[in-house]
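Sequences listed follow chains Z and D, in order. If you use this note's numbering, the first sequence corresponds to residues 1 to 112, in order. If you use this note's numbering, the second sequence corresponds to residues 1001 to 1115, in order. No residue lacks a Cβ here, since even glycine has one placed at the ideal position from N, Cα and C. Quick caveat, the model's predicted, so the values are computed rather than measured. The structure under discussion appears below in the form of structure tokens.
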Amino acid sequence: GESVGLHLPTLSVQEGDNSIINCAYSNSASDYFIWYKQESGKGPQFIIDIRSNMDKRQGQRVTVLLNKTVKHLSLQIAATQPGDSAVYFCADSGYNFNKFYFGSGTKLNVKP
Amino acid sequence: DGGITQSPKYLFRKEGQNVTLSCEQNLNHDAMYWYRQDPGQGLRLIYYSQIVNDFQKGDIAEGYSVSREKKESFPLTVTSAQKNPTAFYLCASSMGRRLATDTQYFGPGTRLTVL
């Protein structure tokens, strides 16, 4: 997948709106999933995680949804703020937890 | 203040030089990792260590070397054999020893540029 830098899909939202960022994964055996936020020039920051025995998990202003049938993960951010502007990417645990696979990043642009 | 530190933040290297990137963690995590991040690509695993005095190659280990003499420290050396070393390097750690059963927490990164 792609990450910070060139050719990233971009999602532009208005401040206060809700944001939905999507991620597709390829390994049907993946059991553990993480969303990270990465600001420009910084290391990725853990946002929220979910295991395959759940289909939804909520945090503070964030919700992760897991659809194992179509191998799809989404991150919902409520009342998006300018400080949410960053690249967001997902990671899945692959087969037998052998390593993490980092998905394509999405750049979130929050307009004031 | 617990966390992962990396130094330096920026590093410039001349061709033919070896350079070492530092990674320290005070989270008491067993496992540590090195990733490389390039524009347009996802994170790629260079090396990982699940326990002191042991480490394993990741997907792109050629031209890199590591050591794990202490639980807290996992330095990465980028050797002159690495053909395209310019990238953003990220160190991570996790509590468990299996690679993808626990959350990996990342350091702030080191940007290496070859002159």
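- The DSSP-derived three-state label of residue 1054(D) is strand.
- With a cutoff of 8 Å on beta-carbon distance, residue 1031(D) and residue 1048(D) are scored as near each other.
- Between the alpha carbons of residue 1072(D) and residue 92(Z) lies a gap of roughly 26 Å.
- Shown here for residue 51(Z): same chain residues with a beta carbon closer than 8 Å to its own, the five before and five after excluded, namely 31, 32 and 33 in chain order.
- Around the beta carbon of residue 12(Z), a 10 Å sphere encloses fewer than 16 other beta carbons of the protein chains shown; the residue is thus reported as exposed.
- Think of a sphere of 8 Å around the beta carbon of residue 32(Z): the chain D residues whose beta carbon falls inside it are 1100 and 1101, in chain order.
- Look at residue 92(Z) here: in three-state DSSP terms it is strand.
- Relative to the Cα of residue 1036(D), the nearest Cα in the group 1115(D), 1110(D) and 1114(D) belongs to 1110(D).
- Residue 94(Z) counts as buried, since at least 16 other C-beta atoms from the protein chains shown sit within 10 angstroms of its C-beta.
- Within the same chain, Cβ atoms closer than 8 Å to the Cβ of residue 78(Z) are found at 18, 61, 62 and 63, the five residues on either side in sequence being excluded.
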